[in-house]
Structures are given as C-alpha cells and as structure tokens.
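Numbered by my numbering, the letters in the sequence shown go through residues 59 to 750 in order.
Think of the CB as a built atom: it goes at the ideal place given N, C-alpha and C, for glycine as much as any other residue.
Take a look at the structure below.
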Amino acid sequence: MTGDTGSSGMRVLLVDDEPSLLDVGKLFLEKGGPMRVETALSAVAALERPDLLSFDAIVADYEMPGQNGIDLLKAVRERDSSIPFIIFTGRGREEVVIEAINNGVDFYVQKGGSPRAQFAELAHKIRSAVERRQAQEALRLDEMRLEALFTLSQMHDVPVPEMMHFALEEGIRLTGSAIGYVAFVNDDETELEMYAWSESAMEGCHIRDKPQFYPLETTGLWGEAVRQRRPVITNDYAADNPLKKGYPPGHVQLSRHMNVPVFDGKRIVLVAGVGNKAQPYDDADVRQLSLLMGGMWQIIKRRRSEEELQHVNDEISAACEQLKATEEMLLAQNAELAEAEAALRESEERMMLAADGANIGIWDLNIVTGEEVTNEKSAEMLGYAPVERITMEHEWRNLVHPDDLPRIIQATQGHFAGLLPYYDVECRMKCSDGSWKWIHSVGRVSERDEAGRPLRMTGIQQDITEMKRYREQLEEANKKLILLSDITRHDILNQVTAVLGYIFMLKEDWPDTGKPARYIAAIEELTRTIEDQISFTREYQELGVHAPVWQPLSGLIRRASRGAGLDGIEVADETGTTEILADPMFEKVLRNIFTNAIAHGGPVTRILIRFTVEEGAGVLSVADNGIGVPDELKETIFKRGFGRKTGFGLFLVREILLVHGMTICEAGHEGSGAVFKITIPRDAFRPVPPAP
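Written as structure tokens, this is what we have:
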C-alpha cells in the first residue's frame, strides 16, 4: 500500500481541567507511543470539537467544572456508541464506577501513586480498548462483507452491471465513503474503461460528455493502483502531489481517495476506488475493499464460466441430437448412394457406348500442368493406338495447326474469364501420320480453386473432316447456283427493263383514257411486281450463305443508322460492349427496323436501343417514340408481301434472324411508339473478350 494513512499511531483526546496534568499526561503517553495526544480543558471544549468522533480513544477526568466526565461519556455515547472511553480520575467511589459502567465506559483508571506506573496502566488500557474496538469493527465489517458476497452469489438471474453496482455501493458502505467507482482494465493493462459510478457520485458529477475509456498514461492518482500494482491511499487530496493531474470542471470534489487493484492470477482485471471518507483511510479499508471486489470478481467469473459451460452443454446436446438425426439420415443416404453409384456406373457405361458409337472422343485437361488425358476414341481419331493416349508426350498444343492456335487461345481465355459459357472451337489437328483432320471440340471448366482460378477443363471432341468436306462441296454448289441465279436474274431484269420501255412508249403514244390505258397500267403494275420479286430473291439468296461472326452491336447500330438516313433523329445506344454471333446481314435487320420507323412511325424524333439479359437469353430492343403498331397488325407486319415498298420488308428480317436461332416480335403499345424485341440465344452474345 502506498500514500499517506493520515496517522502516526493512535489519536487520543485527553480531557481534564488541570493544564499541568494534561501536559504531563500528553508527555507520558506519547513517550510510551505510538500515540498522538490532543487535549481539552473541559467537557464542553471536547464536545465542541468537530473531529471528536475521529479519535481512536477519549480519556476524561471525572470531576470537572460544568460537566463532569460521566456527562461527557453520555454525550459521546449518544453520537457514537463504539468509540473507546476511559475515566481517569482520583475519585474512587463505587457509585461513580457503577454509573460509568452503566453508561458504557470501557475502563476506569484511578489516579495516584507513581506517575510512570499510573500512566503506563492508562496507556495499556487505551491500547486494549482501541484494539478491542478495532477487532469488533473488523468483525462487523467482515460480517457485512460476507453478507454482501453471499447476496452477490445468489444473484443468479441479475445482469452483471447490476451486480457490480450492488458491490460498489457495499464497498462504499464498508469503508464509510461517500462516493465510489469501478473501472475495467484491458488485457495489456494500458487502458481503463469506466464501468460504474456510485449513485452519490453521479448526483454530484456535472461533467459533460464523460469519456468511457482512459489510456493509463493519461490518468493521475487513480491510475497509480495499476502502475504500482498495489492499493493507493491519498488522505489529503488537496496537498501537492506530483502524481495528480487534476480533474475536469464539474467533477466531484475530493478530500480523500483510495483505490485497489483486483487481480485474476497475475493480471489486473479491474480497479475499485472510493473517496471522501470522514476519517482517514487505513489498512482496514484496503482489506475490506480488496476482499469484497476480489470476491465479486470471482463470483462474476464463476457466473461467466457457468454460462459458458451451460452454452457448451447446450451445444453438445444439440450436436448429439443432430448427430443422432445425421446417423439416421446417413443410413438412408448410404442406401440411396449405393443405388446412385450403381445407376451412375450404368449411365457411364451407356455414355461410353454412345460416345464410341457416335465416334465422340472425351478429354480432360489439367490446366496447371498442361497434361491432357483422353479416351481411346480420341486417340484413335488422330491415328494413335489406345496405349498412346495423348498425354504430356504429345501435348495438345503441339498438335494444333499454327494458324488455328490464336483462335483457340482467345476462346480459352474468354471461357476462363466467364465471358463465354463454353469453350467451342473447330481446328485442325495433326494425325500420327502427319496429315491434318478437322476436330470440333466443346468443353467447360470442371474445377476451380478458392480464388476462382480454373484448374481443370473437361469436354468432348468429334472428327468433322468429312463434314467440312461436304460443307465445302455444298458451298461450291451454292456458288454455282448463285451464279446461275445472278445470270438468270440479270437476263430477266434486262427483259423487264425492255418491257417497261415499251410500256412507256405506249403511254406516250396512246391517250390516257379508256380500256387500253387501263390495260397498260395493269401490265406496268405486274411488271413492277416482277421487278420487286427479283430484287427480293437477290436479298433472300444471301441468307445462311455466310457463317455467323462476332460483331459489336455498337458498330452495327452506327452503320445501320447511317444507311437508314436518320438525320435529325436521336439514336441512343445503350448496348455497351456487347457482341453478338450473327449473320453478316444483321446490319440490314437494324437498317430495315430504322427505315420502318421513319416510314410508318409518324413523327419519330428518338430511337432507343438497349441490350438486356432475360432468363439467360439476350434481348435487343429497338424502341421509337412514334405512333406505334396496332395490336391487330403485330404479327401481320412480319408476313411476306406486307410492306414490300419499304425495302425487303420485315418478313426478310424475321427470316434472317431465324437462320441463327433468333426471334423477333413487336411489343410496343399503340400511341406510345413501336418496340421491336430480338431474342438472342445465350451462346450467341458476350461482352467484348480480352485480346489474346
């Protein structure tokens, strides 16, 4: 314990009307020590002292003017029944002794004889009375403390903050203090958390925005208990002290202060402090506060341990119940698993038979090592024996035609990045005899690490060399048909032009009245129809001739709007970086929709193009702010022969889209503008992939 106790031994008040006797008594008693003696010349003077009850003992003469020693004894007992009181007098009458005993005197010492002997006896009686009172007080305080700890131990359902407030108020009562507080200490003992103030402290404190956490290095005297790791007493708070750092405006004024650390093992877990006791704090106060707060901490710690144990028991019970249910479920699942494994083996066997029958190879690529393992059909496809399945000795990249490798790398990177749902390429691969075969390979990532990086890819491949050859032959035949069609169409158009010339001359030479004029007009209309149909066949023959290619929507929209002549009309493109896999004629699809808006949409001033994904499919919507399409015409506008005068018509738009699995519909509202929606398959659109 550090700090001042405010005492250099017992404080004794000696009351006598003889000044010389007071001087002699003070001299003898202090010399025999440890005592500090103060004097009063009368009972009245003693009773007027404000610190009367702070003395450890009172010694009074019996015979004094005004009020005698018995009168003083009665007055003291009315204020404090426990302070030791000794009558020291030359009178030895029996009735005086009896009266003194009846009024609670501790000892009765008679004057006379050797001064040394009589004052030695008086000193002995003083010490005996004080020690007896201290023992009684200690016993009383111990009983109070044990009662408080018992009460704390019974607070099973009381929250911890309420328990700490109760213990704090009991600590204030045990030490006779006016205020108190409790602060937690963090694990490394560098910060204090103010947890509880006594009610009296809160009533007298007027600090605004009181902080809750205090770094230890910024604390003054109240942090010394942590720094010194022992109780600290300050019985004269007003005195200069280098450890004090003052307190903020509105803080309760302090006259005395004591705080004690509470340990859990070697670590300080909290600090309890009290203040403003009427008498100086001493070791007894330290003992009581330390034992009370230490007991409180053990009760709280036990409570927490019991709660944690109960929580663990509950979890174990729940886990046991879950385990029991899991065991039952596992038994059922094991039976299901056995059936599923048998079904899986049967399915795998059927799949392998089907793959062999369809001449399909199966491959599995370790992306990290580059090792590729294939089935027998994959090896046979390229002329290798089954035992020569393509592994590290025949790394797959070494077998790919150099011209096809960049396209494979781009498709692989696009799939790894999530831009393409599948890896889907056609490439040439070298056979064991050095020849080349066209292989169509489709696969997808089958395993990724925790960061999402691909580890393994699995897929199938098929020899499409013959298909490629048939396709080339078909394309060659188609070229010849197109050439024949072009020649025929050219010859017919020449004849139509000649007919139109003759019609023109007939109209010039023949009066524009009567039946001949009507016949000439009918012939001209039929001839124009033939001309339109020939133009239509020129456009229609291009359908499906060219393979679909990836095209950025933004470029298609820009070129189509220029070709449609949308001067003065705002075109809002909100398709971002989306690309679509479509026929090269897709630009004409957009151009026709734009020209349709100009021709039939009324006063159109704005066209909005958006791309969204709905249920996995891409949706390209083209909306104008014109008059819209009547409900009864929403399907009719896509039929052949409707709107031939507007180019090649919405019929051809639908035909172009159908070639590659796309559909179109009109979804606007009459009076609010037309909205054409083109639905694109999920594997025919993507964001712009990274460059290889």
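* **Thr670 - containing beta strand (DSSP E), residue span** => 664-672
* To do: Using beta-carbon positions only, say whether Val163 and Phe177 come within less than 8 Å of one another.
  => no
* To do: In the DSSP assignment, find the unbroken alpha helix (DSSP H) run with Val9 in it and report its ends.
  => Since the first residue of the chain shown is 59 and the last is 750, residue 9 is not available in this structure.
* Asked: Do you know whose CA, among Val500, Leu614, Asn552, Ala509, lies nearest Glu632's CA?
  -> Leu614
* To do: Examine the Cβ distances between the region 193-202 and the region 165-182 and report whether three or more of them are shorter than 8 Å.
  => no
* Asked: Taking DSSP as the reference, what is the three-state secondary structure of Thr635?
  -> coil
* May I ask you to list the residues that DSSP assigns as paired with Trp355? => Note: Trp355 sits in no beta bridge, so no partner.
* Asked: Apart from the five residues on each side of it in sequence, which residues of its chain come closer than 6 Å, Cβ to Cβ, to Phe242?
  -> Correct list, in chain order: Glu251, Tyr253, Leu328.
* So what does DSSP say about Gln519, is it helix, strand or coil? -> strand
* To do: For the alpha helix (DSSP H) holding Gly472, just list the boundary residues, first then last.
  => In this chain, the alpha helix (DSSP H) harbouring Gly472 covers 463-474.
* To do: Return the residue from the list Glu524, Leu105, Val500 that minimises the CA-CA distance to Ile518.
  => From the listed residues Glu524, Leu105, Val500, the smallest Cα separation to Ile518 is found for Val500.
* Could you say if the region 362-377 and the region 313-329 meet the contact criterion of at least three C-beta pairs nearer than 8 Å? => no
* Asked: If you draw a straight line from the alpha carbon of Phe562 to that of Ala675, how long is it in whole angstroms?
  -> 53 Å
* Asked: For Ala133, which residues from the same chain have a beta carbon less than 6 Å from its beta carbon, with the 5 sequence-adjacent residues on both sides left out?
  -> Leu105
* Touch test, the region 638-647 against the region 707-727, Cβ-Cβ under 8 Å, three pairs minimum -> Put simply, the region 638-647 touches the region 707-727. At least three CB pairs are less than 8 Å apart.
* Since Asn317 is in the beta strand (DSSP E), which residue starts that stretch and which ends it? -> For Asn317, the enclosing beta strand (DSSP E) covers residues 315-322.
* **Continuous beta strand (DSSP E) stretch holding Ser436: start and end** => Note, Ser436: premise wrong, no beta strand (DSSP E); alpha helix (DSSP H) at 434-439.
* To do: Mind checking which residues open and close the alpha helix (DSSP H) that includes Thr233?
  => 218-233
* Please classify Phe208: is it buried, with 16 or more other beta-carbons within 10 angstroms of its beta-carbon, or exposed? => exposed
* Asked: Whose C-beta lies closer than 7 Å to the C-beta of Asp109 among residues of the same chain, with five residues either side of it excluded?
  -> none
* Asked: Do Gly238 and Leu226 have their C-beta atoms within less than 8 Å of each other?
  -> yes
* Met387: buried (16+ other C-beta within 10 angstroms of its C-beta) or exposed? -> exposed
* Asked: Should Arg107 be counted as a contact of the ligand SAM given a C-beta to heavy atom distance under 7 Å?
  -> This structure does not include the ligand SAM; it has no bound ligands of any sort.
* To do: Look at Asp119 and Asp75 and say whether their C-beta atoms are less than 8 Å apart.
  => Going by beta carbons, Asp119 and Asp75 fall inside the 8 Å limit.
* To do: Please work out which residues of its chain come closer than 6 Å, Cβ to Cβ, to Gly660, disregarding the five sequence neighbours upstream and downstream, and give them in chain order.
  => Gly684, Ile685
* Bounding residues of the alpha helix (DSSP H) (the contiguous stretch that carries Gly90) -> Counted as a single uninterrupted DSSP element, the alpha helix (DSSP H) harbouring Gly90 occupies residues 77-90.
* To do: Taking the CB atoms as reference points, tell me whether Ala618 and Phe652 lie closer together than 8 Å.
  => With a cutoff of 8 Å on beta-carbon distance, Ala618 and Phe652 are scored as near each other.
* Asked: Quick one: what's got a C-beta closer than 6 Å to Pro739's C-beta in the same chain, skipping five residues either side?
  -> Gly719
* For Pro610, three-class secondary structure by DSSP -> strand
* Count the other CB atoms, across all protein chains shown, that sit within 10 Å of the CB of Gly419; report buried if there are 16 or more and exposed otherwise. => It is buried - the Cβ of Gly419 has at least 16 other Cβ atoms within 10 Å.
* Asked: Just how far apart, CA to CA, sit Ala376 and Ala393?
  -> Rounded to whole angstroms, Ala376 to Ala393 spans 26 Å at the Cα level.
* With contact counted as at least three CB pairs below 8 Å, one residue from each stretch, are the region 209-226 and the region 288-302 in contact? -> Output reads no: the region 288-302 does not touch the region 209-226.
* With distances taken from CA atoms, which of Pro745, Val677, Ile665, Gly726 is nearest Leu691? -> Gly726
* Please look up how many angstroms separate the CB atoms of Leu210 and Ile357, rounded, as I've assumed it's under 8 Å. => 5 Å
* Asked: Straight-line CA distance for Arg486 to Leu639?
  -> 22 Å
* **For Trp22, the residue or residues it bridges with in DSSP** => For residue 22 there is no data in the structure shown, the boundaries of the chain being 59 and 750.
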